[in-house]
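In the numbering used here, the protein residues as written are 142 to 1148. Where a beta carbon is used, it is the ideal one built from N, C-alpha and C, also for glycine.
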């Protein structure tokens, strides 16, 4: 053995030993041995031996960098040697391939150390050249090179926010993964990196909505990578797979899923995964700041999640912020000062201190720290006009100004320049960012909030004008996010309304409604995003209505009130009439997109979260099997692509498909002697907007308040659930107050018209109350006088919106034709169900009793049926009413969407003899999301539903009377009215009178 051979053999041995023991002393010995062997081979060795020695030196330095044993200078030397191996003409092919692998790892590590994108671009160019020069048959090398190229593209995409590049990297990595045997270190590394790239690609899609299946796939793929990593022998590692990387990628995927669905179990698991990953990352590893940043991000999410739930303790929330602060401080300490992402880290640290101050306003030191780090983040942006640091600085300086006026912090003197500092940071941000930058809208919103606070303290007209001007600029900023613009429009409109600026108030609040319509467009967003936006802007339509009434425009008030309600269903109401002449293919696709957007398992918008807080809702309650409606048919299996295609149709046919305002004059011409009463309650005023054949009138209802009606609704729900004697007293009290405060003034106003019918269009918590049962229901009413009750004076109906009413008034409504009876009950469930009327006993009628009443059979039987009667159980999830359903046989369910998406031209009357079929729940009271509205959307102009649990015998009695009255020529509304009167009388004569608890749940919806 020659001396060169001996030196190379020693270098190989020490390299292998270092890979196994990871001892820093072994690292130094292995590096020295490789360096010595390199020197010897230069003078007396052959070129292939020199290449091997250089490869050993470069490889041991790469592993040393991952273990925190190699500094930047050492990595630079490793890169120099590995390049010589890759570019050397005498390098054997197998050694060249392994050198390409090692050089890729070194360049990636150098980028992580310095943040210099040139290292990534060098890596990309080097691997592309290596791929281009590979000989035929080198399939193994080709797969590995594709793998490394995918890593380079992923890192570049992360640094440049290039969503297309991230998507391409994901495809490349999945292709390489498919060609690599499972159980190998290579397969494990590829699985982890593919999961990482897919997660990044989903994150960088920005406002494109995610679909739950996609996010669940990200999590599942990341889990597979973790499982594969845990099966590996500890000695089987790959240079490009950082320690703990699979656990990091799983943490990121779980965080994405939490951002979409608010399942806090995902956060708990994410924290476990990233904490385990950190135990695998040595102190000096260049990736450690990323891992710490990620764990801090998880802790912030956990803090916000706890703060958003009443069951979470303040101590727990504060502990999460303390952990986030510690992790981010350490990440900032370890991050190279030249790293391009440093301003982001500093801004995130500022954000955590800001949250600690907002959590406990006595922690003014945290506010000062937030300002310090926010200023540093802006300073280190080096004039790159980064929006996030600029926005952070604006927010914390506004908080510093507000500190002086908060009751908990008045004793702490803020800087005398606090207001000037806040104004200057806003002005600086506006100067630094181009006028068309999306963040300009955010900055104007912050400016509006600041000067609203200033005007409240000083009462200067100039400050109020500045606030209104800022809100207006934010609301009208073309490139700003819809959410920011809508928030600004609402805030500015309410401010103008409170100060008597009626024109500005109506303009801004009407704009806010228009922006909310865009935020609930189903071809853009999935269910959770649309529902979140509706909930965030709860009551907006009512405020806009009140502003128009203050301006003396009742017709405009009624129009905007109707326009801003039932937004989640708006694209579906009247779709057929708006789409006249639309190509059938386009119409079908758009209709499918609408109903696919109601999938309760769809994600919210994909959003890149870098410790930026967002409103969090409680996690969805567990959903029964019926919560998964049928998938849309058609060519698009991915819901996101489906919505995009439908969005293109919306663009092409926009004027035809855009929801149209109701034509008030046309609607009033159909009313005859009846009246429509739309009810609106805000903190500033309450009104009944009464529409008759003479037009629109506004009737103030000064005794109604939002707090009172919310209390009534909550008490009613508790009472009807309990069903005891106290419940009867509660219901009696509520119906009396509804009469005194609402129904009596309305009916007195209508007395000259002598209406035979009132169609109620309630809003807010009034949607949960039985307006038709309002009154003083005395056991012994005065003889010869009309009782003070609604039911004894008019026939009542309900409508979700005026648009829905206008649609049905132009359709055939006579309840005649083939009938369908669905009665899944058995003696063990609901008891025997009798035939409710002769029309269900004709040759044209269809019965689906007991085990025949399954979902597929019911959906197949609905087309062509004029009258349908369901005798079954119903369910309504108040927090997620889109999961409402009717219970069928064998554990089957008939869900909201499955009914609503059908188009039943022959439909006339649906009688839903089940519990809570007309209840929407308090979260979405204005949206009319219940089984009754589902049947209305399917085409039924008359629906009989229930507000709470109904009694079997009472339901049978009402059904028999309704169908008998209809057979004698009564309309369904009048038939139900007479049936309920008959039930009320029977109850009074029975000696066990339950009062409105027994007869008031039944109501008629429609014309």
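Query raised in the report: What number of angstroms, rounded off, separates the C-alpha of residue 145 from the C-alpha of residue 219?
Result: 21 Å
Query raised in the report: For residue 1081, does the three-state DSSP call read helix, strand or coil?
Result: coil
**Report entry** the stretch 162–180 / the stretch 204–214 touching (three or more Cβ pairs under 8 Å)
**Finding:** yes
Requested in this report: Flag this pair as yes or no: are the beta carbons of residue 397 and residue 356 separated by less than 7 Å?
Outcome: yes
Query raised in the report: Can you tell me whether residue 602 is buried or exposed, with buried defined as 16 or more other CB within 10 angstroms of its CB?
Result: exposed
Query raised in the report: For the putative contact between residue 298 and residue 359, defined by C-beta atoms under 8 Å, what is the C-beta separation to the nearest angstrom?
Result: About 16 Å separates the two Cβ atoms, so there is no contact after all.
**Report entry** For residue 533 and residue 907, the rounded distance between their alpha carbons
**Finding:** 41 Å
Requested in this report: Compute the beta-carbon to beta-carbon distance between residue 1011 and residue 1025, rounded to the nearest angstrom, for a pair I have assumed lies under 8 Å.
Outcome: Between residue 1025 and residue 1011 the Cβ distance is about 13 Å, and since that is not below 8 Å, they are no contact.
Query raised in the report: Looking at C-beta atoms only, is the number of pairs between the stretch 1099–1116 and the stretch 1078–1085 that lie closer than 8 Å three or more?
Result: yes
**Report entry** Range covered by the beta strand (DSSP E) that runs through residue 821
**Finding:** 816–822
Requested in this report: Helix, strand or coil for residue 159, going by three-state DSSP, please let me know.
Outcome: helix
Query raised in the report: Which runs of the alpha helix (DSSP H) fall wholly inside the stretch 862–931 and span at least 4 residues, in chain order?
Result: Taking 4 residues as the shortest admissible run, the stretch 862–931 contains the following complete alpha helix (DSSP H) segments, listed from N- to C-terminal end: 866–879 and 885–891.
Query raised in the report: residue 434: buried (16+ other C-beta within 10 angstroms of its C-beta) or exposed?
Result: Residue 434 comes out buried.
Query raised in the report: Taking the C-alpha atoms as reference points, what is the distance between residue 749 and residue 344?
Result: Caution applies to residue 749, whose pLDDT of 28 falls short of 50 and renders its modelled position unreliable; the value that the coordinates give is listed next. Using only the alpha carbons, I get a separation of about 5 Å.
Requested in this report: Pull up the distance between the alpha-carbon of residue 586 and that of residue 699, whole angstroms please.
Outcome: 29 Å
Query raised in the report: How about the stretch 615–630 and the stretch 574–590: do they share at least three Cβ pairs that are nearer than 8 Å?
Result: yes
Query raised in the report: Tell me the DSSP bridge mates of residue 833?
Result: Beta-bridge partners assigned by DSSP to residue 833: 836.
Query raised in the report: When DSSP builds the beta bridges, which residues end up paired with residue 1009?
Result: Among the bridge pairs identified by DSSP, residue 1009 is matched with 961 and 1051.
Query raised in the report: If we count the other Cβ atoms within 10 Å of its Cβ and call it buried at 16 or more, is residue 822 buried or exposed?
Result: Taking every protein chain shown into account, the CB of residue 822 has 16 or more other CB atoms within 10 angstroms, so this residue is buried.
Query - Nearest candidate by alpha-carbon position, reference residue 708, set 366, 949, 1065 and 365 - result: 1065
Query raised in the report: If you count every other CB in all the chains shown that lies within 10 Å of the CB of residue 277, and 16 or more means buried, which is it?
Result: exposed
Query raised in the report: Do you know offhand how far residue 1124's Cα is from residue 1091's?
Result: 12 Å
Requested in this report: Mind reading off the beta-carbon distance from residue 904 to residue 820? Whole number of angstroms is fine, and I expect it under 8 Å.
Outcome: 6 Å
Report task. Classify residue 749 as helix, strand or coil using the three-state DSSP reduction. Result -> Confidence is the limiting factor: at residue 749 the pLDDT is only 28, short of 50, which leaves the residue's position unreliable and the question unanswerable from this model.
Requested in this report: Identify which residue in 243, 832 and 257 has its Cα closest to the Cα of residue 288.
Outcome: 243
Query raised in the report: Do residue 876 and residue 914 have their C-beta atoms closer together than 7 Å?
Result: yes
Query raised in the report: Between residue 539 and residue 531, which are expected to be in contact by the criterion C-beta below 8 Å, what is the C-beta distance as a whole number of angstroms?
Result: Not really, about 13 Å apart at Cβ, beyond 8 Å.
Requested in this report: To the nearest angstrom, report how far apart residue 647 and residue 942 are at their CA atoms.
Outcome: In this structure, the CA atom of residue 647 is about 21 Å from the CA atom of residue 942.
Report task. Per DSSP, which residues does residue 1143 bridge with? Please list them. Result -> 1087
Query raised in the report: Between the stretch 1054–1073 and the stretch 978–997, are three or more C-beta pairs nearer than 8 Å?
Result: no
Query - 7 Å Cβ cutoff met for residue 223 and residue 240 - result: yes
Query raised in the report: Looking at the structure shown, is residue 494 part of a helix, part of a strand, or coil, going by DSSP?
Result: helix
Query raised in the report: What are the residues that DSSP puts in a beta bridge with residue 828?
Result: 821 and 841
**Report entry** residue 772, DSSP secondary structure in three states
**Finding:** Residue placement at residue 772 cannot be trusted, given a pLDDT of 37 that sits under 50; what the coordinates show is reported in the next sentence. Residue 772: coil per DSSP, three-state reduction.
Query raised in the report: Between the C-alpha atoms of residue 411 and residue 395, what's the straight-line distance to the nearest angstrom?
Result: 6 Å
Query raised in the report: Applying the criterion that 16 or more other CB atoms from any shown protein chain within 10 Å of the CB defines a buried residue, is residue 328 buried or exposed?
Result: buried
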